[in-house]
Structure formats: C-alpha cells, structure tokens
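Report on the structure given below.
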Amino acid sequence: MSIIEVKNLKVWYPIRGGFFNTIKGYVKAVDDVNLSIEPGETYGLIGESGSGKSTIGKTIVGIERPTSGSIIYKGEDVTKGRNRKKLKYNRDVQMIFQDSLSSLNPRKRINDIIAEPIRNFEKLSKTEENHRVKELLDIVGMPKGSMYKYPFEFSGGQRQRIGIARAVSTHPKLIVADEPVSALDLSVQAQVLNYMQDIQKEFNISFLLISHDLGVVRHMCKNLSIMTRGRFVEVGTREDIYDRPQHIYTKRLLAAIPDINPRNRQEDTKERLRVEAEYENDEKAWYDKNHRVLDLKPVSGSNTHYAAVPESNSMVEQGGK
Amino acid sequence: MDKEKDNVLLEIEHLHTAFRINGKFYNAVDDCSLTLRKNEIYAIVGESGCGKSTLATSIVGLLDPLNSKVKGSIKYRGQELVGLNADEYDKIRGEDIGMIFQDPLSALNPLMRVGDQITEALYYHTKDSEAERKKKALELLKRVGIPDPEGTFRRYPHELSGGMRQRIIISIAVACSPEIIIADEPTTALDVTIQAQIIDLLKDIQKEKESGIIFITHDLGVVAEIADRVGVMYAGQLVEIGSVFDIFEDPKHPYTRSLLNSIPQAGELGDRLHVIQGNVPPLSEMKRSGCRFAPRIPWIPASAHEENPSYHQVGDGHYVLCTCYQTFHFQEEK
Amino acid sequence: MWKTVLRRILLMIPQIIILSLLVFFVAKLMPGDPFSGKINPQTDPKTIEALKHQLGLYDPPLVQYGHWIQNIFKGDFGQSYTYNRPVLGLIGERAANTFWLGLLTAVLTYAVAIPLGLIAGKNEGKWPDRVIAFYNFVINSVPPFAIYLIFLILFSFILKIFPSTGTVSASAHGFVQIFFSRIYHMILPAIAMMLSGTTAIVQYLRSGIIDNTKEDYVRTARAKGVPEKVIFRKHILRNAFLPIASSLGGTITGLLSGAIVAESIFSYPGMGQLFLQSVNSRDYSVMITLTLLFGILTLLGNLLSDIIMSIVDPRIRIQ
C-alpha cells in the first residue's frame, strides 16, 4: 500500500496573447504523470531544468494547483481542500528546499523556525516545545546552542540540516526534497544525505527526492523516474534505469555524467558522441508530432521497468548498455 | 631545455592574494605556485571558499584594487603580471589570456546584442575593419556550435538558452586566439547534457589552438573528464598537485582522499557516505601555521603533521603538502 | 508592439468611464454648492432657487451625469461658475502655462540630477559623493511646500529678484520680450520644484552605477581588455539609466498635473492653482474636468513608461 499516489497529474499554465488577451495555448509543465511512493522509501525524480520535476513536488505539497488529476493520500483525493484538512495532510507532508538561505525566514531564530510547524499543528507548552526543538537539532547533528541563532550565522550545509529538522518536526509521513544538496559542497552533501537516511530509518519517512544529479539519486533511491518536457520518459528500479536504459533521453543523460575514472575518458566521449548522433538522427521517433513524450510502455521481461519507447522498439530485448 | 622553456605559458610563484575584512587583510590564496604549459588543461579543484576563484581572478588582475592585495609572481611567457596597471593589463586580457565565467547570463550585458559583445573583444586587439570583425564573429559562433550564427549575432542574451550563452562566452574568450584560457566553473550552472557538450567543446578548442587552460571547478567528475594536471586546493593552499592519474588513482593528501571518498558511488543502496568532520574556518579565523587540514582529521596525532608544511615529491610531478599523508588513515580504518 | 499599445489605449476607455462616474458622484457628495458664501445675502432666495433649477442642480444625479457626458461629446465641458466662461477655454489657457512650467522644471531637474548622480556614483564614498549625499539629505528632510515658501519669501519678498505672481509682465512686447518675461516668471517655481525632484533621480543613478560596476558583465568586458572609460560609457551607464527611463513617463505626467501646491504658493496661473480654486469655490465643471484630465494623464504616463522601457530594454516586451 503506497503512502501517496499521483494519478494522471496535469499542471498546465495558459499562454495568453493576441489583441483580446485570450488563451493561445498552454505550457504543459506537468502532462499526465503517474507515480506512487511506498512507506519508508526514497523515490527519485530526475530531470534537467525546466523538465517540470519541481512542479510535481510543489503540487504534491499544495503550493501549485493541479489542472487535472488527483493525488491520493490515505485513499482520498487531497487536491480537494476539505480532504487535506480532514487527513491533516499539511502536517503529514513537508518540504525541503534547495536554497536554504532564502527558504528560512532571516528575521527568525532557529528555535522559532523549527517550532513553527509544531505550533501550527500541535499544542505544546513552552518547555515541551523547547525539548522537542533540542531533540530535532540533535537528530541532524546541530548543537543545542544553535536554537538562539539566526539563519545567516550558519553555513549552507548547516542551514540545510535545519531545514530537515523543521520538515521532520511534525513527524511527517512524506518529505518532498527539491534539490536538497545541489547547492552544497561534496563533503557537506554527503553529511546531509546521511542525515536524510538516518531520519528515514528512525521515523519511517518516505522521501520524494527531486534532483538533476544522477549520482545522488542512484545512491539514495530504489525506484526512480526520468522526466523531460513535463512527462516521464522512463520509470523503474535503479538497476533498470542505470544498467538497462531504454529511452534515448535516459541514455543521453547517463552518457553525459562525467566518469571519475580518467582512464575511461576517450571511451566515454566516444559513447557520448554515439548516443548524441543517435539522438540527432532519429529524435523524431522518440516523440510524437507535437514533440510530446510518448506514452510509457512496459519493457518486456520486467514488471518494474517502463519506458516511453516507440511501438517498434517496445519489444526490444533487454540488453546491456 | 629551450623547448621546455618555450612550452611554459604561465608561471605562478608564491602567490598570495589577500582581501580586506573589517580593515585587516587576510590571505585567501596563501603561497600557491604552479606552472601551466602549452597544450595542457590544469584543473584547480576545491570546495567553496578554498580560494580557487580568487587564484583565477588574480591571474587576470580582475580583483578590486581597493580591497585586495596580490603578492608574489605571475609570469606570462616571462612577463611579470603582478603590479601591472589597468592599461597594461588590458593589452594582455582578451588577447593573450581569455576568460570564461560561471554564470553565462549575468556575464553578458543584457542591453547589448550578442554579436556586438563578440566583436568588442576583437576591436581592441586587432586592426580589423568592422566587416572583418563581423565575419570573424560569425565564424566563431559557428565554431562554438551555434546553429544559426547570422540570427544569433543579432540576438540579445536573454533570448538564448543557458548552453548557448555559455558558447557565446567561450567565443568571446577565444576570439583573439589567446594562448591561455582561464575557465572559472564554466559548467556549474548548466544541465549535465549541456555540461558534457561544453566540456567536449573546450577540449576541442584547446587541441585546435594548442592553448593552455586553467580550469577551476568543484566537480571531481569534470576534473577526471577534462584535466591533464590537477591542483587540489584547501584553505588557500594547493595541498596536492599531480597528473590526473596521480590524483584519481594514487591520491596522497588526506583531503584529496577524503573528497574522493565522499562521492556517491554505484555501491549498495543506503551505504553511508564519507563525511569530513568539522568545517573550513572563515578567512579571518583561519590558523596560519601548521597543517590546515589537521583539525578535520583529529584522530591523526599532531606529530604526524609538519610545523611548517612543505611540499614532498611522491612521484614524477606529484607533490603533497605536509607529512601527514604518510600516516593518514580514515577513522573507521585502524 | 503597436498593436499592444492600441489595445492598452482601448482598455483605457472603460477605466476612464469608471473614473468619470466616480469623479462626478464624489463631487456631488461634497457639501455646499457654487452659491455657498458667494451671493449677496440681500438677494432674494427665490432668485437663487430659480438659478439652481436653471443649472439643473435639482435633477436626479444620473440625469445630471447623462447631461454632462452628452455635453462633453459636443465639446462642451460646461461653464465655470467662478469665471463665467467655458471650462474648455479656461483649462486650455491654464494648461499651456502649466505645460511650460512643467517643461522647464523637467529640463532643469534632469540637467542637475544626472550630473550629480554620475559624480556621486563614480566617486562612491569619496568627498563629492558625501557632499551630494548631504544635499540629498537636506532636500529630502524639508517638505516641498516649505522649500516653495522659503524661495518665495527669500527671492521675491526680501531680495525682490523674482516676481511673486503671474506669467508675463504687462509691459513685455514682441516675441523675444514675452519669451524672456515668461521664463523670468517661471524660473523661481521651476527651481523650487526642481530641487525636490532631483533627489530620487540622483539616488537611482548613483546606486545604478555602483551596482552595475559590480556586475559580472562588467568583469567580462574587463576580461576582453576593454578600457575602463569605455566600459563605463558603453556598459555601466546604459544599464544604470534604465530605472530613470522607466520613471520618465510618470515624471512628465506628474509635472503636468502635480504642481498644485507650487502653483498656488507662487500664484502661478496654471492648472494646479485652478484646481485648488475650483475645489474651494465648488466650481464643479472645472473641478470634474480637471480631475478627469489628471486621471487620463496618469494612465497615459503609465503607458508612456512602458513604451519607453520596451524601447530601451530588450528584455521587456509589453504584453
């Protein structure tokens, strides 16, 4: 039983123009997307800038309104305000943002920042609240003294940990983490990712990890999807996607990741150019005439792997990279 | 021997670059030396605040003269650059040394057509007529892989994508075929597929012009992809210098080893990543004596470090700062 | 773009209609009428009543509004009760006076503010910048009407250098004499208004120059080897002028309609002075017409600003 299920989600923005400022068309930020996340798992959502991945995250937490489709939580559609209230959805689903400086109120002390969601959803006495904040800071490895400081007094990695503490404060079931480590240095990134795994184990939290970094997602996620142009091009387990990519877009992404073995350099470049040539030659085959990503089809020989491949390709045997 | 001398493009010796913080000067680059040769991509890798961008900016003399001080020597083909005035530097910048920046949108003037921004570089270093400059600019646009050079020439920066803008920046940097290109995090703001294209483009241009590139980055993957030589920078110092194979296959300095260890790898799901303890102290609080990495590896005894760390040669062209590399082990290893 | 401009102008029609309704009925709500305090107490109240009926003051408000609009389309904006002449001619005369004063003020303002802003921006933190900052501080801390009064008292009454009223002296003959006499009459209010107008422009330009000097594209220009002087002229200045260009439309309409206080204090017979008089004497037709005119000027000013911005900044396309 999944913790959350996104069904046929569409988020379209109207483009207005012309003399009467009428709707000329739509930007389809998210165009018919399905996904479901299991309790306690980290689900990966990979895409480049403008792919619509952040819009999905924002729609799940309710910052954006869907054009159509539903988000099912505990069996009910939480795109309806009534259900959100009844199910305490806003307490159970929290978010971590990329830019920790602009997402933490600069005029508030850490104490108040972390306690804010608690105050919204629970009635605790001052001492209970203080106790909880200290506990939360401890979980993300911050000293208790940080309670009385302001966000600017911390480094990027520390702020991101404060953001995690805030998100965890209401004991959520799901945290949407939108590029949580992409602004951080490598060594700090490692620390934040470790803390995310720790709290996941401790509280059985599910994560939706939105990232452009294929390395981070491979490290964190069992299941993931690759997104471009508002649609999923490929969905599967990490082995499905990284070892047996089917869609040309996935292959391009994988070929583009720099390899940390300098001996593979020539080979990597050659592979990249090969994929790039393949992409340029029959790009059209992978998209319909409106440049829309095709519908997902099951990849033969697997019940976890789906790819938006053309008809003729759908029966292709699963082969190595 | 002469051949070797001919190959040396840039020789940096004991460079110190200091910034004024609350009235006092603190070294952001602290005694760095390196040599860039022809046909070589020299990567400087380190985390934010380590001084790598300051090092790059010092070379081209683009620091704010009121709030910074540069000491030491930067020689371009034997000519000393430290101490040049703005006019003298203007003759070298753009002509002998080109520069590529991190954020291609803010690095282009929003009110000027792309073409004019490219021809501007030619105007000050060539005697070309306007028509010749335009012809060259169109060739450059074609060379850096812009699909519609004529149309792009007339466009404004905001009308182009991030990858296209970075190609424009590259075309500006190489307009006068400089011998040296300084690239400061040129792919950080780009998507991976675009990053790969830009890396391939830079490699091609480097080969074609036989230029030397100083490539500043925080991304070890990019280093492995592009660099010939690597300098690993920590707290204003180059803690390890070596060929790209030295650094990735036989890293010596504890910092290099720790960094490589914290990259998420293809291992088992949920493996814990390696974390480097503590933080880099801010410039004004940094201890200036002893091994600067020592506080981050407290389980290594003080006796393992040098009092005044010096470079130790561990291989052909492979140098490490401080003796602590000899006894270093990760905390979990006994 | 011109299609969008046309659309914006057409969109102004409903805005103006709503504005006219608002103006008309708010004016009706004001206590008193054109006769309050104006009429000899000996006059027979019946005569006054008859006059009021004749002027339509007892018709239902909507009917009065209808009449008003009808007449406007005939080119008749009504009679001024105070001046006993058609509103259109009266306002036309005053508008010309205001226009010349506004133009002179605008020219003076930019002629003073731009050099000051340039000097301050180029010498950030040095003594010229501090002197200019002090000037800005002083001007900003004195309310404009106080500046006007000080000017009037000092230059007209004590030093007697400039006239304290009127637009042109009666003795002036011929084009040249009249021209200079006009300027002579306008110069005091213009300088006074210029002073309070400069501070915002100086500030914009100063911070524009300082901020843009730190921009990445300036670093790119330096990395190309472009000389510092050229960088300032070609790169920094153009960008620093953007906020001033965007405020140009508003400044112009502001000067045309907003000189109410200055014109009254300097007894300069422009639209602003007329407006204040008309409010005081319940001269409805004048008051309503002027308010409507100021409203339309503001709308046009906004449009003008947008058009100017879309011309100077390629990133902005008016939609």
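Protein chains in written order, with the numbering used here: chain G, -1 to 319; chain A, 9 to 342; chain D, -3 to 315. Built from N, CA and C at the ideal position, the CB exists for glycine as well.
### Query
If you drop the 5 nearest sequence neighbours on each side, which residues of the same chain put their C-beta closer than 6 Å to that of G:SER312?
Confidence at G:SER312 is low in this model, with a pLDDT of 46, below 50, so the placement of that residue should be treated as unreliable; the coordinate-derived value is given next. LYS295.
### Query
Is it true that the CB of G:LEU99 sits closer than 8 Å to the CB of G:PRO64?
no
### Query
Using 8 Å as the threshold, is the region 93 to 113 of chain A in touch with the region 142 to 159 of chain A, meaning 3 or more CB pairs across them?
no
### Task
Please decide whether A:ASP208 counts as near chain D, where near means a Cβ-Cβ distance under 8 Å.
no
### Task
Return helix, strand or coil for G:PRO296, following the three-state DSSP convention.
strand
#### Entry: Reference D:ARG229, options D:ILE5, D:ASN136, D:LEU114, closest by Cα
D:LEU114
### Message
Within 8 Å of any Cβ in chain A, is that where the Cβ of G:SER47 sits?
### Response
yes
#### Entry: Coarse secondary structure for A:LEU74, derived from DSSP in three states
coil
### Task
Using three-state DSSP, classify D:PRO111 as helix, strand or coil.
helix
### Query
Taking DSSP as the reference, what is the three-state secondary structure of D:MET26?
coil
### Query
Does the beta carbon of A:PHE256 come closer than 8 Å to any beta carbon on chain G?
yes
### Query
Quick one: what's got a C-beta closer than 7 Å to A:LYS260's C-beta in the same chain, skipping five residues either side?
GLU248, VAL322, VAL328, TYR333
#### Entry: Pairwise C-alpha distance: A:VAL288 and A:ILE271
19 Å
### Query
Going by C-alpha distance, which of D:ILE174, D:SER165, D:PRO239, D:ARG215 is nearest D:LEU201?
D:PRO239
### Task
Check G:LEU172 in the structure and name its three-state DSSP category.
strand
### Opening and closing residue of the alpha helix (DSSP H) in which G:GLU133 lies
124 to 137
### Residue interval of the beta strand (DSSP E) (run including G:SER34)
20 to 35
### Query
If we cut at 8 Å on Cβ distances, does A:THR196 have a partner in chain G?
no
### Query
Are the CB atoms of A:ILE284 and A:ALA51 nearer to each other than 8 Å?
no
#### Entry: Among A:HIS226, A:VAL230, A:GLY80, nearest to G:LEU182 - alpha-carbon criterion
A:HIS226
### Query
CA-CA distance, G:GLU62 and D:ARG311?
27 Å
### Query
Shortest alpha-carbon distance to A:ASP279 belongs to which of G:MET194, G:VAL4, G:LYS287, G:PHE119?
G:MET194
### Query
Given a threshold of 16 other Cβ atoms within 10 Å of its Cβ, counted over all protein chains shown, does A:GLY286 qualify as buried or as exposed?
exposed
### Query
According to the neighbour-count rule (16 or more other Cβ atoms, all chains shown, within 10 Å of its Cβ), is D:ILE157 buried or exposed?
exposed
### Query
Does the beta carbon of G:THR302 come closer than 8 Å to any beta carbon on chain A?
no
### Message
Can you tell me whether A:THR335 is buried or exposed? The criterion is at least 16 other CB atoms within 10 Å of its CB, across all chains shown.
### Response
exposed
### Task
Could you say which of G:ASN221, G:VAL4, G:GLY67 lies nearest to G:ASP238 if we only look at CA atoms?
G:ASN221
### Task
Can you give me the Cβ contacts of A:GLY106 inside the same chain, cut-off strictly under 6 Å, excluding the 5 residues immediately before and after it?
ALA181, VAL182, PRO186, ILE189
### Query
Which class does D:TYR144 belong to by DSSP, given the choice of helix, strand or coil?
helix
### Query
Among all the DSSP beta bridges, which residues are the ones paired with G:THR40?
G:PHE205
### Query
Thinking C-alpha only, which one of G:PHE205, G:ARG130, G:PRO243 is nearest G:LEU33?
G:PHE205
### Query
Are there 16 or more other CB atoms within 10 angstroms of the CB of D:MET26, so buried, or fewer, so exposed?
exposed
### Query
Touching or not, the region 231 to 245 of chain D and the region 297 to 312 of chain D, by the rule of three or more beta carbon pairs under 8 Å?
yes
#### Entry: A:ALA26 versus A:LEU17, A:ASN75, A:LEU281, residue with shortest Cα-Cα distance
A:ASN75
### Query
Checking contacts by CB at 8 Å: is A:PRO118 closer than that to chain G?
no
### Option in D:PRO82, D:GLY204, D:THR105 with minimal Cα separation from D:GLY71
D:PRO82
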